[in-house]
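Below you'll find the structure, written out as structure tokens, and then a few comments.
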Amino acid sequence: MRDAEIRELPGLVGEEVRVSGWLYNARSSGKLRFLVVRDGSGYLQAVVFKPGAPESVWAEAERATQESSLRVVGKVKEEKRAPGGVELQVEALEIVQLCPEYPITPKEHGPDFLLNNRHLWLRSKRQHAVMRVRNELTFGIREFFYRRNYVQIDSPILTPAAAEGTSTLFETDYFGEKAYLSQSGQLYLEPAVAAHGKVYCFGPTFRAEKSKTRRHLTEFWMVEPEIAWMRFEGLLDLAEEFVSELVARVIERCKEDLERLERDISVLEPATRRPYPRIDYADAVEKLKGKGFDVNFGDDFGGDEETALADESGKPIMITRYPAAIKAFYMEPDPNDASRALAVDMIAPEGYGEIIGGSERIASYELLEKRIADHGLPRQAYEWYLDVRKYGGFPHSGFGMGIERVVTWLCGLSHLREAIPYPRMINRLYP
RNA sequence: UCCGCAGUAGCUCAAUGGUAGAGCAUCCGGCUGUUAACCGGAGGGUUGGGGGUUCAAGCCCCUCCUGCGGAGCCA
Numbered sequence: 424m425r426d427a428e429i430r431e432l433p434g435l436v437g438e439e440v441r442v443s444g445w446l447y448n449a450r451s452s453g454k455l456r457f458l459v460v461r462d463g464s465g466y467l468q469a470v471v472f473k474p475g476a477p478e479s480v481w482a483e484a485e486r487a488t489q490e491s492s493l494r495v496v497g498k499v500k501e502e503k504r505a506p507g508g509v510e511l512q513v514e515a516l517e518i519v520q521l522c523p524e525y526p527i528t529p530k531e532h533g534p535d536f537l538l539n540n541r542h543l544w545l546r547s548k549r550q551h552a553v554m555r556v557r558n559e560l561t562f563g564i565r566e567f568f569y570r571r572n573y574v575q576i577d578s579p580i581l582t583p584a585a586a587e588g589t590s591t592l593f594e595t596d597y598f599g600e601k602a603y604l605s606q607s608g609q610l611y612l613e614p615a616v617a618a619h620g621k622v623y624c625f626g627p628t629f630r631a632e633k634s635k636t637r638r639h640l641t642e643f644w645m646v647e648p649e650i651a652w653m654r655f656e657g658l659l660d661l662a663e664e665f666v667s668e669l670v671a672r673v674i675e676r677c678k679e680d681l682e683r684l685e686r687d688i689s690v691l692e693p694a695t696r697r698p699y700p701r702i703d704y705a706d707a708v709e710k711l712k713g714k715g716f717d718v719n720f721g722d723d724f725g726g727d728e729e730t731a732l733a734d735e736s737g738k739p740i741m742i743t744r745y746p747a748a749i750k751a752f753y754m755e756p757d758p759n760d761a762s763r764a765l766a767v768d769m770i771a772p773e774g775y776g777e778i779i780g781g782s783e784r785i786a787s788y789e790l791l792e793k794r795i796a797d798h799g800l801p802r803q804a805y806e807w808y809l810d811v812r813k814y815g816g817f818p819h820s821g822f823g824m825g826i827e828r829v830v831t832w833l834c835g836l837s838h839l840r841e842a843i844p845y846p847r848m849i850n851r852l853y854p
């Protein structure tokens, strides 16, 4: 007899094994009791047949409640009627801890209740699948960059000043000084790119905006690559390669999870194929006007506008060359039109919104100096950032991708809050 | 911050201004192949808080609280 994970059982038919896990659900019919056991690696139907089992085993099988932790011993049997194709014929059963009435029943629940019980909700099938997709995505991201010889540079969470103004930052006390939780690692990446050439950071970021939409969290994860000597066109290629490769990876390696989430893979497949449509901001404005939207050149796009643009193809689209006035101070102006920035937003299809924002960065010391002044930012706080241009300046580009937005899109979720283990939102800091 | 919707059993939801109900969960009973199993029974309620209208309020009015959706902002 050996210990086995449920995922291994199809290869252990005929063998006697011990499986340790939790009771997901139980069904019984007189002399027959089905225990659905989960152990994180899968779901197992364990069967106890009263006439064939010792009385104590039957009694324990009857006593076991939903989510009781337990160990079952028995022979693995091929069984078409069982989910997964195999089942366990229980010979011994030990309840490790009898679970009292479990709050999350096998019926529908509301979001407030589920979020209050997020620590338990994580055990349910859908949430289990989402976290596995997230895991595949984040590992894929690291592998993508590792294979291309990027160096991961972790940016600080506690920062002395805002990247783009202080209004959206969480403020905290730092030994009598004001400190802010980082809203982007990008500025700290730029000095590092001068050291390593190709770098990225990957960590949590914080926005104190009182956003109440399905597309916002106050704490979310962002991956931000930054590349020396890369120009705008190269950045567009990189973003496209990055996303298409990650989508393909998740489709290939998370088939079961996506199936459990009832995500139609054929809808995701166009995103595995390059190129993605690229549309100039000015053309996007015209296109939206043609669709009856009330937008003018110079406006930023809202969620509805983004959705309308993205829905034309099943792929993400890249909107390029936004007006400089509505973009960040550090973005390089378009050499053909200084009123525009070499900035890109990638919009996911199906209304999932912006997943990437990026740009070529200002390379000139003098221009950056002027922009900092124009935006009313405290020069002193950005001295180190200006040094990237002062001591051997160079063109460079980068983007940021929001992990939860991508997970939400890949899984076909209706809300970002399911894409992170413990969502932090306005009015929610528990559990 | 603004706009809209909602709050009834542990959970999801019903209930013309007139005796508060169902399903799931729990407990008891039945069933040898269940797939959110099924069938029968039982317990379970200060209808979010406060105030008001009325013979009578879960329902109408005021107010506060909480949640949800959206806008703005953004990934």
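This note's numbering numbers the first residue of the first sequence as 424 and each following residue consecutively. Every residue, glycine too, gets a C-beta built ideally from N, C-alpha and C.
Keeping to the same chain, check which residues put their C-beta closer than 6 Å to that of residue i; ignore five residues upstream and five downstream.
i    : result
G608 : S578, C624, E647
R744 : D703, Y704, D757, R763
V616 : V622, E649, A651, H819
E514 : V496, G497
K714 : A731
R456 : V471, A484
F752 : R794, H798
Given this structure, state the Cα-to-Cα distance separating residue i from residue j, to the nearest angstrom.
i    : j    : result
A671 : M769 : 17 Å
Q550 : L592 : 30 Å
V499 : E510 : 6 Å
D723 : R637 : 19 Å
R555 : D680 : 7 Å
V440 : P526 : 31 Å
R504 : R430 : 17 Å
P693 : G825 : 20 Å
H542 : V718 : 43 Å
Y611 : P854 : 31 Å
T589 : V519 : Legend: pLDDT at T589 = 49, less than 50; position of this residue unreliable, value from coordinates given subsequently. Whole-angstrom Cα-Cα distance: 52 Å.
G533 : G626 : 30 Å
N850 : F629 : 15 Å
G620 : I564 : 18 Å
L545 : V553 : 9 Å
G416 : E524 : Outside the shown range of the chain (424 to 854) lies residue 416, about which nothing can therefore be said.
E501 : G508 : 6 Å
K454 : A469 : 14 Å
E735 : K710 : 11 Å
P614 : Y699 : 31 Å
With a threshold of 7 Å on Cβ separation, who are the neighbours of residue i within its own chain once the five nearest residues in sequence on each side are excluded?
i    : result
E827 : L640, F643, W644, L839, A842, I843
E668 : F567
L809 : Y788, L791, E792
M848 : L640, T641, R840
T561 : I826
I688 : I674, L681
Y845 : R541, P854
N572 : K621
C677 : R555, V556, E559
Under DSSP, the alpha helix (DSSP H) around residue i begins and ends at which residues?
i    : result
L604 : It is not in any alpha helix (DSSP H) - L604 instead sits in the beta strand (DSSP E) that spans 600-604.
G726 : 726-733
Y611 : 609-619
A771 : It is not in any alpha helix (DSSP H) - A771 instead sits in the beta strand (DSSP E) that spans 766-771.
V480 : 478-486
Which residues bound the beta strand (DSSP E) around residue i?
i    : result
V459 : 455-461
V471 : 466-472
S782 : 776-783
M645 : 642-651
D722 : It is not in any beta strand (DSSP E) - D722 carries neither H nor E in the DSSP assignment.
A449 : 439-452
E594 : 594-597
M741 : 740-743
Within a Cβ cutoff of 8 Å, which residues of the same chain sit near residue i, ignoring the five residues on either side of it in sequence?
i    : result
S787 : R812, G816
A796 : R802
E685 : G835
L581 : T595, Y597, A602, Y603, L604, S605
G726 : T636, R638, G774, G776
Threshold first: 4 residues or longer. Then list the alpha helix (DSSP H) segments lying entirely within the region 787-850, N to C. Runs of the alpha helix (DSSP H) inside the region 787-850: 788-797, 806-813, 826-834.
Within the region 662-706, ranges of the alpha helix (DSSP H) (whole runs, at least 4 residues): Runs found: 678-683, 688-691.
Should the region 806-820 be called in touch with the region 537-549, which here means at least 3 C-beta pairs below 8 Å? Note that the region 806-820 does not touch the region 537-549; fewer than 3 beta-carbon pairs, one per stretch, sit closer than 8 Å.
With contact counted as at least three CB pairs below 8 Å, one residue from each stretch, are the region 444-453 and the region 483-503 in contact? Contact annotation: the region 444-453 touches the region 483-503, with at least three C-beta pairs closer than 8 Å.
Do three or more CB pairs link the region 651-665 to the region 772-789 at distances below 8 Å? Taking 8 Å as the limit for Cβ pairs, the verdict is that the region 772-789 does touch the region 651-665.
Check whether the region 724-738 and the region 761-776 are in contact - that is, three or more C-beta pairs closer than 8 Å. Taking 8 Å as the limit for Cβ pairs, the verdict is that the region 761-776 does touch the region 724-738.
3 or more residues per run - each beta strand (DSSP E) lying fully within the region 501-569: As far as the region 501-569 is concerned, its whole beta strand (DSSP E) runs of at least 3 residues are 509-520.
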